[in-house]
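Contents: one structure, followed by commentary.
There are 2 protein chains.
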Amino acid sequence: MSTERVINFGAGPSALPLSVLEEAQKGLVNFDGTGIGIAEISHRSKEFQAFLDEFEQNIRTQLDVPPTHRILFTQGGGTGQFSAVVLNLLARHRLLHPTATPEETVLDYVVTGSWSKKAAEEARRLAAGHATVRTVVDSRVYSKDGKAYDNIPPHAEFAFSEDPALIYYCENETVDGVEFSHDPQSPASFPFHLLKRDTLVPLVADYSSSFMCRPIPRLADHAVIYAGAQKNIGPAGLTILIVRQDCIVDVDAAARLGATPVPLSLSYKILADSGSLYNTPAVLPIYMSGLVVRRMKENGGLPYYEEMNRRKAQKLYAIVHEGEQKGVFRRKVQQGSESWMNAVFEVLGEGAEKKFLEGAEKEGMKGLKGHRSVGGIRVSLYNAITEEEVDKLIAYMTRFLGES
Amino acid sequence: MSTERVINFGAGPSALPLSVLEEAQKGLVNFDGTGIGIAEISHRSKEFQAFLDEFEQNIRTQLDVPPTHRILFTQGGGTGQFSAVVLNLLARHRLLHPTATPEETVLDYVVTGSWSKKAAEEARRLAAGHATVRTVVDSRVYSKDGKAYDNIPPHAEFAFSEDPALIYYCENETVDGVEFSHDPQSPASFPFHLLKRDTLVPLVADYSSSFMCRPIPRLADHAVIYAGAQKNIGPAGLTILIVRQDCIVDVDAAARLGATPVPLSLSYKILADSGSLYNTPAVLPIYMSGLVVRRMKENGGLPYYEEMNRRKAQKLYAIVHEGEQKGVFRRKVQQGSESWMNAVFEVLGEGAEKKFLEGAEKEGMKGLKGHRSVGGIRVSLYNAITEEEVDKLIAYMTRFLGES
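Structure, rendered in structure tokens:
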């Protein structure tokens with residue numbers, strides 16, 4: 228049995244900093260000098276509450292979350308939030324428009340990849356008969372082959388509804404490797420300028436695979452931002468929410484007006500009123516994520532990670548581009564829409580992909596196989612992946628190109 | 228900062244075996260020789276799948292779960308299941324009775340403590356306008372003071388409905404320290420004999436705080452058994468389900484017939500069809516729970532734990548009883564209904580409870596304070612608490628009695 232750690236380029240669950248793992252090893256047996264391990268301690272103990280408060284504060288400070296927004300912690304991942312955003316924001320809309328018909332109750336979905344597609348499908352399941360789910364834009368229409376999620380469509384194509392109950396987008400599509408640009412001048416940036424700013428727009432963003440890799444543009448304009456922890460900041464089992472206060476509504480009052488009732492575990496109001504401790508939270512995933520975010524702060528916070536992640540992505544795309552020129556690699560995503568976090572490309576030629584993966588594994592690099600639905604290679608470059616590790620992969624890719 | 232482990236009698240999250248914590252320390256950095264830590268590895272890797280399969284098998288074998296029942300893993304705790312059982316079993320009922328009126332769609336709740344009361348309240352929220360929630364029995368009626376959950380009512384008081392969509396009970400009330408007896412002759416046992424046995428009864432049991440402390444009587448007669456992991460078998464963040472196949476229904480077909488749509492993360496069908504891997508599961512809590520259940524098997528399985536837990540409870544109640552004779556302690560639960568897992572009692576006299584807790588803490592015993600809603604002392608005797616640890620507490624209680 229090997230005792231060496233490998234480099235894990237997996238898309239999630241994904242690599243965590245070794246220093247955090249080593250600290251968590253101690254906490255497992257004795258958390259903060261309590262004589263009780265972190266997996267065993269009461270979530271109502273003062274020690275855990277202090278840890279949770281620091282965790283929240285470290286997110287708030289680094290992402291610059293204003294007091295208009297609550298930071299909440301829950302379970303169930305992105306899939307849980309596919310449902311929760313629909314139910315909570317339909318309840319909000321019902322309270323604002325008690326007599327709105329299903330035709331007047333519109334959910335706007337921006338579909339740029341597998342995850343936003345799934346989110347829109349869940350909205351259709353839950354809202355059937357109560358609301359109308361609209362696809363604002365479907366990026367496949369603008370793809371090279373008409374079938375792939377390989378781009379962020381141009382701003383002119385975003386046809387938002389007049390007064391929707393929510394506007395949904397996925398900032399980074401983990402499977403397809405497509406991400407909104409954070410440069411507002413880029414045609415691949417999110418078209419915030421098309422949204423009304425004189426009202427509280429119900430803008431929802433899935434930030435699962437890009438949370439805390441760089442600042443969030445126009446964070447304060449969002450109604451809900453959510454992220455599973457298992458990419459940049461921790462183990463699976465924790466979901467982080469940033470919710471604007473007007474979206475924390477009395478879902479029971481809305482139900483009395485005809486909205487679908489919201490299960491306890493999906494209600495933002497229950498979470499907010501209890502400080503995320505209505506029921507036992509995922510203490511251990513919270514602990515490890517809290518250690519990661521504390522370490523991020525010590526390293527200089529988001530500016531440090533943004534710069535590092537920019538360099539990592541630029542270097543990697545440069546070698547993919549070089550391989551493309553030589554006819555060895557092929558990029559799957561259109562220029563300008565490439566994800567910083569999940570770089571996807573193909574290795575051309577019979578058996579070449581297998582050879583690429585085996586060669587990488589032989590050098591201690593794992594997790595490079597693309598998602599089963601799209602194939603190819605996927606390199607995930609989350610915060611815990613160091614520049615040295617990316618350099619090692621690039622050195623391997625360079626040799627691979629030389630031998631191809 | 229102390230480095231000594233204390234004895235943790237907390238009600239949950241609660242003590243875990245030190246040998247498991249030490250093994251998990253290694254797995255955090257390198258799981259099963261993969262060179263990747265367990266919190267970082269893909270839930271779709273063959274190594275994790277093998278671990279999950281073994282975990283499931285170890286539960287199946289030890290609890291003797293028949294092939295009529297699936298074992299599923301999810302997130303969200305008991306609170307998530309308060310909602311899920313209602314939605315899934317209402318969908319099942321709708322498919323069986325497509326034209327049933329809300330009056331003909333009945334949910335039967337057995338209320339014997341704080342948790343079953345909460346579960347019934349959630350049913351009322353979700354089923355409003357669609358179904359009728361009935362209290363089969365409320366144990367407060369049979370309590371010493373008419374207000375406390377201090378007993379399991381006599382069998383003659385259980386008034387089940389004719390053809391309910393579900394029958395719900397909580398096997399062990401963690402807060403109140405009330406538990407069904409597993410001796411079928413006892414008046415405090417669950418009155419299975421009152422249920423029809425010629426049909427698939429939709430019997431639902433919350434086993435959160437007594438899961439795998441002893442065998443489950445008439446397991447095969449249950450529709451759904453669920454448990455949060457954070458008592459006997461692992462960290463918070465994992466919920467274990469045992470679901471009879473006829474309760475895994477096409478919730479979308481039911482919704483087309485008028486049932487409330489079921490959010491993805493609460494649908495038993497989604498979980499079952501994906502082998503509990505529809506979305507990323509709580510890998511780390513699954514891992515630690517899997518280690519605990521593997522260790523249980525090595526120790527001799529449930530017969531070993533049942534005997535040990537019986538002895539622990541008997542010893543503890545004996546000293547509480549002795550203290551009651553001396554006017555120092557007072558039991559809160561009626562004879563025959565006392566929980567094996569959570570023993571609750573009062574320490575009588577001004578400031579006596581505080582003195583009791585402080586004295587215990589001085590000797591390295593923590594987590595003995597009763598739930599804030601009922602007060603007093605609560606001693607949780609989950610599987611990871613050893614007989615030696617109980618003996619140490621009893622020695623302290625004996626000295627406390629001598630000094631009182």
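Quick note, the sequences are listed as chains U and A, same order.
Following my numbering, the numbering of the first sequence begins with 228 at its first residue and continues without gaps.
Following my numbering, the numbering of the second sequence begins with 228 at its first residue and continues without gaps.
Virtual Cβ for every residue (Gly too), placed ideally from N, Cα, C.
All of these numbers come straight from a predicted model, not from anything done at the bench.
Helix, strand or coil: which one does DSSP assign to Arg297(U)?
Arg297(U) falls in the strand class under three-state DSSP.
So with Cβ pairs under 8 Å, would you call Ala266(U) a contact of chain A?
yes
So does the region 248–266 of chain U actually touch the region 512–524 of chain U, counting three or more Cβ pairs closer than 8 Å?
yes
Please confirm if Asp433(A) has its CB atom under 8 Å from at least one CB of chain U.
no
Against Gln276(U), what residues of chain A qualify as contacts under a CB-to-CB distance less than 7 Å, listed in chain order?
Going along chain A, no residue has its Cβ under 7 Å from Gln276(U), so there is no contact; the nearest lies around 14 Å.
Give the interface partners of Tyr505(A) over in chain U, defined as CB-CB distance under 9 Å, in chain order.
Thr306
Contact residues within the region 513–524 of chain U, judged by C-beta distance below 7 Å to chain A
From the region 513–524 of chain U, only Met515 have a Cβ closer than 7 Å to chain A.
8 Å Cβ cutoff met for Ala509(A) and Ala611(U):
no
Assigned secondary structure, Ser229(U) (DSSP; H/G/I helix, E/B strand, else coil)
Here the model assigns Ser229(U) a pLDDT of 48, short of 50, so the residue's position is not dependable and the matter cannot be decided.
Coarse secondary structure for Ile475(U), derived from DSSP in three states
coil
To which residues of the same chain is Glu614(U) closer than 7 Å at the C-beta, ignoring the five residues directly before and after it?
Met535, Arg538, Lys539
Would the region 439–452 of chain U and the region 270–279 of chain U be scored as touching if the rule is three or more Cβ pairs under 8 Å?
no
In chain A, which residues lie with their C-beta within 8 Å of the C-beta of Val256(U)?
Arg232, Leu245, Leu248, Glu249, Gln252
Along the chain, where does the beta strand (DSSP E) containing Arg558(U) start, and where does it finish?
556–558
Let me see if you follow: with CB-CB separation under 8 Å, is Phe309(U) close to chain A or not?
yes
Would you be able to state if there are at least three C-beta pairs under 8 Å between the region 307–325 of chain U and the region 421–432 of chain U?
Contact holds: three or more Cβ-Cβ distances are below 8 Å.
In three-state DSSP terms, what is Ala375(U)?
Coil, per DSSP.
Could you check whether the Cβ of Ser607(U) sits closer than 8 Å to any Cβ belonging to chain A?
no
Taking the CB atoms as reference points, tell me whether Phe387(U) and Asp335(U) lie closer together than 8 Å.
yes
Where Leu511(U) meets chain A, residues with beta-carbon distance less than 8 Å:
Pro462, Ala463, Gly464, Leu511, Pro512, Met515
Rounded to the nearest angstrom, what separates Ile460(A) and Pro512(U) at their Cα positions?
Across the structure, Ile460(A) and Pro512(U) are spaced so that their CA atoms are roughly 17 Å apart.
Exposed or buried, what is Thr553(U) when buried is set at 16 or more other beta-carbons lying within 10 Å of its beta-carbon?
The identity of residue 553(U) in the sequence shown is Lys, whereas the question assumes Thr. Flag for Lys553(U) reads exposed.
Within the region 501–562 of chain A, note down every full beta strand (DSSP E) run reaching 3 residues or more, in order along the chain.
556–558
Closer than 8 Å, Cβ to Cβ, to anything on chain A: give me those residues from the region 351–364 of chain U, in chain order.
Arg352, Leu353, Ala355
Does the beta carbon of Ser653(A) sit closer than 8 Å to a beta carbon anywhere in chain U?
Since the displayed chain A opens at 228 and closes at 631, residue 653(A) lies outside it and no answer follows.
Who are the near neighbours of Arg367(A) in its chain, counting only those whose CB is closer than 7 Å to its CB and skipping five residues on each side?
Gly373, Lys374, Ala375, Tyr376
Paired residues, beta bridge with Ala622(U) - DSSP:
The partner list for Ala622(U) (beta bridge, DSSP) is empty, contrary to what the question assumes.
Contact between the region 390–408 of chain U and the region 335–344 of chain U is defined here as three or more beta-carbon pairs at a separation below 8 Å; is this criterion met?
yes
Going straight from the alpha carbon of Asp403(A) to that of Gln561(A), what length do you get?
11 Å
State yes or no: is the C-beta of Ala579(U) nearer than 7 Å to some heavy atom of the ligand GDP?
Among the components modelled here there is no ligand, and therefore nothing to report on the ligand GDP.
Which parts of the region 390–414 of chain A are runs of the beta strand (DSSP E), unbroken and 3 residues or longer, counting only runs that do not cross its ends?
393–397
Assigned secondary structure, Asn569(A) (DSSP; H/G/I helix, E/B strand, else coil)
strand
Taking the DSSP output, what are the residues bridged to Gly455(U)?
The partner list for Gly455(U) (beta bridge, DSSP) reads Thr466(U).
Here's a check: name, in chain order, each residue in its chain whose Cβ is nearer than 6 Å to the Cβ of Tyr505(U), leaving out the five neighbours to either side.
Ile497
Using 10 angstroms around the beta-carbon of Gln541(A), count the other beta-carbons present and answer buried if the total reaches 16, otherwise exposed.
exposed
At least three beta-carbon pairs within less than 8 Å, the region 316–336 of chain A to the region 280–293 of chain A
no
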